[in-house]
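Numbering (our numbering), first residue to last: 371 to 922.
Next comes the structure, spelled out in structure tokens:
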């Protein structure tokens, strides 16, 4: 455990990517295979779920530290991270009595899931008596599911590839999908053997697109690119496994075929051992529907007949990764597209399967004009894919680009804030943003925490601390004074939000220090973006002119 704790703290302190890669390689070469596999599992985005509830954990900490629960909760709010709060309040022995990472997880963490509250308290007390202060923070990061070490999946794959002497893309496929430390070994992960890479049931690492940051003409001739509409749905890979079986993997590497049974019914019409890359879209008799309709299907493991009929979907394919057992990812896109069209030429039209159309234009100017049709079509712009590109793992600059339409923009007022997490735990960096309604009150329409520089966050934090007008749990209402220009992808009517609208992907575009709160936009403006004719707000809903949060 001590060796893992040192890795955790080292990676937390290092700021350069190459230094972190070197440290990971050093760890994987020296750690035991069991410990190294757990690190792979956690850095792949997995978490141990259901071990303990946070309220119960705070109660146990209060008992151990001989503090009232309310004081532990206040400490948590001030620190901003529960694992860090526990590591500061719980004092273990000066020297570690814990074993390896593998034994600590199996003896002290995993058993928490199968015990009642009293037994969990005893087991956790025993754990605290074994862990040194140096090990407290990394252990509780694992326990609370807040495990982050500043290492992306891509960098994990690069580090393991250096250890095993293989391509990062092979490592990525081996660690894709649902796997545990009991059905895979570290030797399997870094092996130079290709035996594991013939498994058709595992998702391939998704090829991702970079945003177009320069003038689109800088990409060269349009004839070098395949242009498609950028669909607004769920990215997925659709496998036909033979025997009438199919699997659908989301980009989050979750098997979601149970949520979309109408798609798996199409498997008999597909060639065996095929993998399609595409998008699951909300689709009805009138064609493409808004993403909000698709959201009603998410998380439903066994959707009923009524929801299947009311909120129908379609799989739109735009790439072919595997066909008849052959991996096609290294072929040029133009050849993969030709094979994909041949596959769809044999698929009946009545099925909820479609082929993403190619958009043709004589040049960038004509394409730019077609891009202006995006919102009317319900899409997000264009995907630009180089005809010669292979299907690579992750985001590879120069192969695929997303040329999105410009976002909606609106000026909004900061009306409340919360402390952030991690390195922002002591800064008010999570903001609630409001616009004016027709009664002259500020109503919250969005929350945002990204888009400001570190210096700007610190400056906003100073303003917030001097202008707090109320406390509501971890939330601090703020006297109106700061205006942000907020970017968002769309707006829709929402009965779940008190403002009556919900924004899609809101983020801070810039700090409008040249504007006063009175200059902020109105709710009618946001309604216009959503195409909403009328929204009736409840009485006393919003923020008054002094920045006090009105109760709803």
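Idealized CB from N, CA, C, for every residue including glycine. All values derive from a computational prediction rather than experimental measurement.
By the neighbour-count criterion, in which a residue is buried when 16 or more other Cβ atoms sit within 10 angstroms of its Cβ, residue 593 is exposed.
Contact check for residue 458 against residue 514 fails: the beta carbons are separated by 8 Å or more. Contact annotation: the stretch 784–801 does not touch the stretch 629–641, with fewer than three C-beta pairs closer than 8 Å. Taking all protein chains in view, the Cβ of residue 583 is surrounded by fewer than 16 other Cβ atoms within 10 Å, so the residue is classified as exposed.
Assigned with DSSP and collapsed to three states, residue 775 falls in coil, not helix or strand.
In the three-state reduction of the DSSP assignment, residue 764 falls in the strand class. Remark: C-beta atoms of residue 725 and residue 815 do not approach each other more closely than 8 Å. Annotated as distal: residue 718 and residue 632, with beta-carbon spacing of 8 Å or more. Excluding residues up to 5 positions away in sequence, 688, 726, 727, 728, 729, 752, 753, 755 lie with their Cβ nearer than 8 Å to the Cβ of residue 598 in the same chain.
The shortest C-alpha to C-alpha distance from residue 471 to any of 402, 440, 893 is the one to 402.
The same chain holds no residue with a CB closer than 7 Å to that of residue 484 once the five nearest residues on each side in sequence are set aside.
The residue from 614, 678, 605, 697 with its alpha-carbon nearest to that of residue 630 is 678. Under the DSSP assignment, residue 653 falls outside any alpha helix (DSSP H), being part of the beta strand (DSSP E) whose first and last residues are 644–654. Bridge partners of residue 596 according to DSSP: 755. Taking C-beta separations shorter than 6 Å and ignoring five residues to either side along the sequence, the partners of residue 377 in its chain run 397, following chain order.
By DSSP's assignment, residue 841 forms a beta bridge with 846. With contact defined as three or more Cβ pairs closer than 8 Å, the stretch 764–773 and the stretch 601–621 are not in contact. For residue 878, the uninterrupted beta strand (DSSP E) run begins and ends at 877–881, by DSSP. Counting every other CB atom within 10 Å of its CB across the protein chains shown gives residue 866 a total below 16, marking it as exposed. When C-beta atoms of the stretch 693–704 are compared with those of the stretch 888–899, fewer than three pairs fall below 8 Å, so the two segments do not count as touching. In the DSSP assignment, residue 512 falls within the unbroken alpha helix (DSSP H) covering 503–514.
Apart from the 5 residues on each side of it in sequence, residue 798 sits with its Cβ closer than 8 Å to the Cβ of 787, 788, 789, 790, 830, 831, 834, 835, 846 in its chain, given in chain order. For residue 724, the enclosing beta strand (DSSP E) stretches over residues 723–725. With at least 16 other beta carbons inside 10 angstroms of its own, residue 703 counts as buried. Straight-line measurement puts the Cα of residue 683 at about 28 Å from the Cα of residue 857. In the assembly as shown, residue 480 is an exposed residue. Its beta-carbon has fewer than 16 other beta-carbons within 10 Å. When only Cα atoms are considered, residue 606 and residue 518 end up about 25 Å apart.
With fewer than 16 other beta carbons inside 10 angstroms of its own, residue 883 counts as exposed. Between residue 775 and residue 821 a beta carbon distance of about 19 Å is seen, past the 8 Å cut, so the two are scored as non-contacting. For residue 692, there is no enclosing alpha helix (DSSP H); the enclosing beta strand (DSSP E) has its first and last residue at 683–693. Between the beta-carbon of residue 456 and that of residue 431 there is about 6 Å, and that keeps the pair under the 8 Å contact cut. In this structure, DSSP gives residue 577 an extended state, which the three-state scheme calls strand. Taking the Cα of residue 828 as reference, the smallest distance to any Cα among 862, 881, 839 is reached at 881.
In this structure, DSSP gives residue 809 a state outside helix and strand, which the three-state scheme calls coil. Closest in C-alpha terms to residue 662, from the list 448, 462, 748, comes 748. Of 670, 671, 522, the smallest CA-CA separation from residue 387 is found for 522.
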